Structure formats: C-alpha cells, structure tokens
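So the structure is just underneath, and the comments pick up after that.
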Amino acid sequence: MYQNDEVSKEVRSAFREAEKRYQQHWQQSFRYRKGRRQGSKLLAVPTDLSDVRDSRSPAQNFTKSITADGRPFLTLPSHPGFILLPEALGKSKQRELAKLALTQYPEPPANTNHTRQFGKLTGLWDAAQKGGPSAQKLLQKLRWCTLGPQFNWTERVYDWHAPYRPLPMELRDLAISLCASVSGSLPETVAASDWDPDVALINYYRSGDTLGGHKDDVEQDQAAPIVALSLGCSAIFLLGGQTKEEQPIAIRLHGGDVVIMAGPARMCYHGVPRVLGDDASSSDANPEDAEYVAFAEHVRSTRINISIRKAG
Ligand SMILES: O=C(O)CCC(=O)C(=O)O
Ligand SMILES: [Fe+2]
Numbered sequence: 001m002y003q004n005d006e007v008s009k010e011v012r013s014a015f016r017e018a019e020k021r022y023q024q025h026w027q028q029s030f031r032y033r034k035g036r037r038q039g040s041k042l043l044a045v046p047t048d049l050s051d052v053r054d055s056r057s058p059a060q061n062f063t064k065s066i067t068a069d070g071r072p073f074l075t076l077p078s079h080p081g082f083i084l085l086p087e088a089l090g091k092s093k094q095r096e097l098a099k100l101a102l103t104q105y106p107e108p109p110a111n112t113n114h115t116r117q118f119g120k121l122t123g124l125w126d127a128a129q130k131g132g133p134s135a136q137k138l139l140q141k142l143r144w145c146t147l148g149p150q151f152n153w154t155e156r157v158y159d160w161h162a163p164y165r166p167l168p169m170e171l172r173d174l175a176i177s178l179c180a181s182v183s184g185s186l187p188e189t190v191a192a193s194d195w196d197p198d199v200a201l202i203n204y205y206r207s208g209d210t211l212g213g214h215k216d217d218v219e220q221d222q223a224a225p226i227v228a229l230s231l232g233c234s235a236i237f238l239l240g241g242q243t244k245e246e247q248p249i250a251i252r253l254h255g256g257d258v259v260i261m262a263g264p265a266r267m268c269y270h271g272v273p274r275v276l277g278d279d280a281s282s283s284d285a286n287p288e289d290a291e292y293v294a295f296a297e298h299v300r301s302t303r304i305n306i307s308i309r310k311a312g
C-alpha cells in the first residue's frame with residue numbers, strides 16, 4: 001500500500017500518463033472454495049476509450065477534406081502537417097502488403113530485430129508455416145524490419161555502406177502518390193513535390209506490444225513527409241506535441257488507414273500504447289483463397305505499420 005503512495009507522487013509527463021492510461025492492465029482474480037484460495041487468473045481490466053477519436057467515425061475534432069481524386073482525409077488544426085487518410089488502402093492492397101511484410105520484406109539483406117542474435121534469417125514465414133517451433137516463435141517475436149539502407153539503432157544513424165536492397169518500388173510509388181494526393185494541404189515549408197523516399201521501417205505489433213513515445217529525428221530533412229501505412233489490427237496512436245509535457249491526442253487507427261506526418265508534425269512526439277483486438281477490416285479472409293488464409297490468420301492478431309521515409 002505504501003508503494004502505491006510512492007507511485008502517485010511520482011511526476012509523470014502528460015504523454016507518459018496517456019500511455020499508461022491506454023495500455024492494457026491486468027488484475028489478478030482469485031477463486032475461493034469454502035473460504036480457501038483455489039487458484040487465480042489474470043483478468044483484463046477494461047480501458048476507457050471514450051476520449052479516443054476514431055478514424056472511422058471522425059465527427060469529433062477533425063477537419064474533413066477531400067483529395068483531388070475524391071477521397072476523404074482528416075487534419076487537426078492543432079497539428080499542422082498531420083494528415084490521416086481513413087481506409088486509403090483497399091482490401092486487396094492491404095492483403096498484398098501484409099503478405100509482403102511477412103514474407104519478402106524481412107528477408108536478407110534487410111535487418112530485423114532478430115539479426116543481432118541470429119544473423120540473417122531466410123525463409124522465416126515458410127519455416128513457421130511448416131511447423132518448425134523455433135521459426136514459429138521467431139515469427140511471433142518479429143518486431144521490426146528495415147528496408148533500404150540499414151538503420152543502426154545503437155548510433156541512431158542510417159548506414160549507407162552495409163549491403164542493402166533499395167526500398168521496394170511498390171512502397172515508393174504508393175507513398176509518393178498518397179503524399180501527392182494531399183500535397184495541397186501540407187504546410188508550405190514541406191517540399192512534397194520532389195519527395196523521393198528511400199527507406200521504410202516496418203513495426204510488427206502482437207497483442208501487448210507497444211511503441212513508446214518518440215520523435216523520428218534522424219532523417220536528414222526532418223520536415224520531409226513520413227507516410228505510415230497501417231495494416232491488420234487497429235491500435236491507439238498517441239499524437240503529442242513538441243514536448244512530452246503536452247497532452248497527446250488519442251486516435252484509433254484501423255487497418256487500411258494511412259498517416260502522413262510532415263513539417264511541424266514531424267517535431268511531435270507520437271507512439272502506440274495499445275494494439276486492439278480483431279476488427280472487421282482485418283478479418284475478411286476469403287476462404288476460397290487458400291494461400292491467403294494463413295496470412296489472414298496471422299494478421300488477425302497482428303498490426304503491421306510500414307513507415308516510408310526519405311533518409312538521405
Ligand atoms: O505504428 C505506428 O503507427 C507508428 C510507427 C512509428 O511511429 C514509427 O515507425 O516511427
Ligand atoms: Fe515514429
């Protein structure tokens with residue numbers, strides 16, 4: 001009990017408070033029989049999501065606009081340079097990208113979170129599908145992968161000398177066209193028309209995984225757009241201000257949504273404190289498409305975010 005008193009005195013930033021608030025908390029529940037404790041289990045504590053703005057019912061607090069090609073997008077007057085395109089990726093595009101992100105993209109020479117410990121792993125998806133228990137475990141624990149020049153996490157720099165595969169053309173083209181579709185709504189300081197991305201970072205989130213509040217500040221031009229594609233499960237995305245003391249906005253992102261951060265929005269803390277369970281957009285596997293069923297099954301409990309950037 002004294003411990004709780006300590007915790008409540010600790011000064012946490014507004015961003016950290018929000019992360020805590022949206023993370024999944026668990027409570028131990030004991031089972032009694034004739035007054036004696038028989039066992040216990042962990043119960044998920046419900047999270048109050050009433051303050052979360054939802055990209056699929058954006059009535060509150062977003063400014064709604066339409067791209068030149070007729071698609072809706074949302075902005076926030078408080079965060080110039082932040083643009084949300086709900087359902088910007090069609091179902092088949094989502095399927096195609098999820099499949100690539102689980103099969104081809106993590107293949108060498110791309111680095112993943114497993115590279116340091118296990119070296120370059122080839123054929124992880126196929127090995128896991130064949131039932132190899134260690135491959136299945138490694139696939140469950142796949143957390144990130146870098147495309148284009150390798151990112152050195154210790155020194156926080158891009159390494160242009162180590163061997164790499166260029167950013168896949170389909171990601172480059174997709175990001176450029178998404179960015180072009182809203183370029184009129186980007187701050188004037190953002191050179192969107194000659195933006196040519198060269199790297200991508202893929203984050204894989206399973207239930208319970210989080211991405212702590214951060215700024216992406218190692219790219220050369222820190223006002224240049226980052227185009228982030230959400231696939232699979234929905235999640236709570238926190239968009240803060242330039243310091244962690246500012247109260248962040250919580251937004252529920254769904255599979256198929258695209259977020260663009262450019263100009264001043266690049267200076268804002270952001271993170272993902274919570275991956276939410278299955279939602280309609282991630283459970284539409286066509287049972288006739290036998291090959292896709294395995295991917296659908298995996299993506300049902302996974303969120304994948306591909307953020308496409310210009311590093312150099
Ligand atoms: O997963 C997301 O929505 C955000 C990812 C992100 O912030 C990053 O990769 O830098
Ligand atoms: Fe980020």
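Residues in the sequence shown are numbered consecutively from 1, following the UniProt record's numbering. The beta carbon of each residue, even a glycine, is placed where N, CA and C say it ideally should be. This structure is a prediction, so every number in the text was calculated from the model and none was measured.
By the beta-carbon neighbour count (other beta carbons within 10 angstroms, threshold 16), D198 is buried.
When C-alpha distances from S55 are compared across C268, A311, M169, V258, the shortest belongs to V258. Comparing alpha-carbon positions, the option among P264, P273, G232 lying closest to G255 turns out to be G232. Here Q222 is exposed. Its C-beta has fewer than 16 other C-beta atoms within 10 Å. Nearest Cα to V190 within the set Y164, S177, A224, Q220: A224. Cβ-Cβ distances below 8 Å link A228 to V258, V259, I260, M261, N305, I306, S307, I308 in the same chain, with the five nearest sequence neighbours on each side left out; the list follows chain order. W195: not part of any beta strand (DSSP E); DSSP gives it neither H nor E. Fully enclosed alpha helix (DSSP H) runs of no fewer than 4 residues occupy 169 to 181 of the region 142 to 215, in order along the chain. Of the residues assessed, G81 falls on the buried side of the cut-off, its CB having 16 or more other CB atoms within 10 angstroms. A contact is defined here as three or more CB-CB pairs under 8 Å, and the region 96 to 108 fails this definition with respect to the region 263 to 270. Nearest in C-alpha terms to H161, of all of L84, Q150, G212, G131, is Q150.
Relative to ligand 2, the beta carbon of D216 is positioned inside 7 Å of a heavy atom. In the DSSP assignment, Q27 falls within the unbroken beta strand (DSSP E) covering 25 to 33. In the three-state reduction of the DSSP assignment, G131 falls in the coil class. By the Cβ-count criterion, H25 is exposed, with fewer than 16 other Cβ atoms from all chains shown falling within 10 Å of its own Cβ. About 26 Å separates the CB atoms of R274 and V218; that is not less than 8 Å, and the two are not in contact. DSSP places D54 in the strand class (E or B) of the three-state scheme.
If you compare the alpha carbons of L89, T115, D196 with that of L253, the shortest gap goes to L89. In the three-state reduction of the DSSP assignment, R16 falls in the helix class.
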